[in-house]
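Novice: There's a structure below that I have some questions on.
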Amino acid sequence: MATVATTASTERLSSFNPATGELVGTVPIHTQVDIDATVARARIAAQQWASRSFEARAEEL
Numbered sequence: 070m071a072t073v074a075t076t077a078s079t080e081r082l083s084s085f086n087p088a089t090g091e092l093v094g095t096v097p098i099h100t101q102v103d104i105d106a107t108v109a110r111a112r113i114a115a116q117q118w119a120s121r122s123f124e125a126r127a128e129e130l
């Protein structure tokens with residue numbers, strides 16, 4: 070159902086624990102093109118979800 074957004078960008082953002090300074094992890098920095106494409110996919114998915122019956126949505130959940 071859901072897919073993880075990908076990006077061609079190689080830039081990453083590092084997240085640090087403020088209490089220890091330890092690196093928690095890194096995440097990709099998405100471009101505006103990436104964001105626009107993700108929003109477009111989300112709008113399509115929302116329309117598809119809304120068109121399903123309550124029963125079909127309940128079964129999916």
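Be aware that the sequence shown starts at 70, since it is given in the working numbering, and climbs by one per residue.
Cβ atoms here follow ideal geometry from the backbone N, Cα and C, with glycine treated the same way.
These numbers were taken from a predicted model, which means no experiment stands behind them.
Just to confirm my understanding: we take Gly94, look at its own chain, exclude 5 residues before and 5 after, and list those with CB closer than 6 angstroms. What are they?
Specialist: Ser84, listed in sequence order.
Novice: So for Ser83, helix, strand or coil by DSSP?
Specialist: The answer is strand: DSSP assigns Ser83 an E or B state.
Novice: Could you tell me which residues DSSP puts in a beta bridge with Gly90?
Specialist: Answer is none; Gly90 lacks a bridge partner.
Novice: Could you please give me the residues that DSSP links to Val96 through a beta bridge?
Specialist: For Val96, which the question treats as bridged, DSSP gives the partners Leu82.
Novice: Tell me where the alpha helix (DSSP H) around Arg121 begins and ends.
Specialist: Per DSSP, Arg121 belongs to no alpha helix (DSSP H) and is neither H nor E.
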